[in-house]
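Counting from 1, one number per residue, gives the positions in the sequence shown under full-length UniProt numbering.
To keep things clear, I will list the structure first and then write my remarks on it.
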Amino acid sequence: MKGHHLAELNVGKLLAPVSDPRVAEFIDNIERINNLGKRMPGFVWMLEGSGSPGATEHAIAGDPLYVPNLTVWESAEALETFVWGTLHKKFYEKRQEWFEVLGKMHFVMWWVPEGHQPTLDEALERLEMLREQGDSPDAFGWDYLKDATMWKTHGCQVAAE
């Protein structure tokens, strides 16, 4: 979309606190994967913390196990390439070792004007909008983006069984 970038929020609930050995492999690799993302063509911006791995200090709803990943990309293609065309895919495929399976939508995308850095509150509002209304121009999942294809073979289930 001309003049806009793609924002995405992915939230997860860790199985244990960040200092627990059960999530150590994930925590120990957050910076590695984030740094890979920052070097990708099409990367624009990422919500980061100060002192905690990744954005884990940004606990959602006061729950330190419920953590966000909020980024902005030039295009859906750039985000897809990072998610499923790099080392990130290996960690994505192991997510159930470190995160609870959430029984509701936990990923949302939306278009932002170039230069805009969304807040976590803004992103959580978009996620709630998607949960309540389904895909719309203001909040959507991968299937809303007609040019996005990699998610079809690599994506996760929307809800727990």
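A virtual CB, placed ideally from N, CA and C, is assigned to each residue, including glycine.
G37 has its alpha-carbon roughly 22 Å from the corresponding atom of A139. Across the structure, S19 and I33 are spaced so that their CA atoms are roughly 19 Å apart. R126 places its beta carbon less than 8 Å from that of W110.
When DSSP states are grouped into helix, strand and coil, M46 belongs to the strand group. Between the region 69 to 85 and the region 93 to 106 there are fewer than three inter-stretch CB-CB distances shorter than 8 Å, so the stretches are not counted as touching. For E8, the enclosing beta strand (DSSP E) stretches over residues H4 to K13. Assignment of A139 by DSSP, reduced to helix, strand and coil, places it in the strand class. For E48 against A59, the beta-carbon gap comes to about 15 Å, at or over 8 Å, which does not count as contact. F107: not part of any alpha helix (DSSP H); member of the beta strand (DSSP E) spanning F107 to P113, first to last residue. Scanning the region 69 to 100 from its first residue to its last, no whole beta strand (DSSP E) run of 3-plus residues comes out. A Cβ-Cβ separation of about 5 Å places L9 in contact with L70 under the 8 Å criterion. Beyond the five residues adjoining it in sequence on each side, M46 comes within less than 6 Å, by CB distance, of T71 in the same chain, given in chain order.
Excluding the 5 residues flanking it on each side, H88 has same chain C-beta neighbours closer than 8 Å at I33, L36, G37 and F82, in chain order. In this structure, the CA atom of E74 is about 14 Å from the CA atom of D147. Of the candidates K13, H4 and M40, the residue whose Cα lies closest to the Cα of Q96 is K13.
M1: not part of any alpha helix (DSSP H); DSSP gives it neither H nor E.
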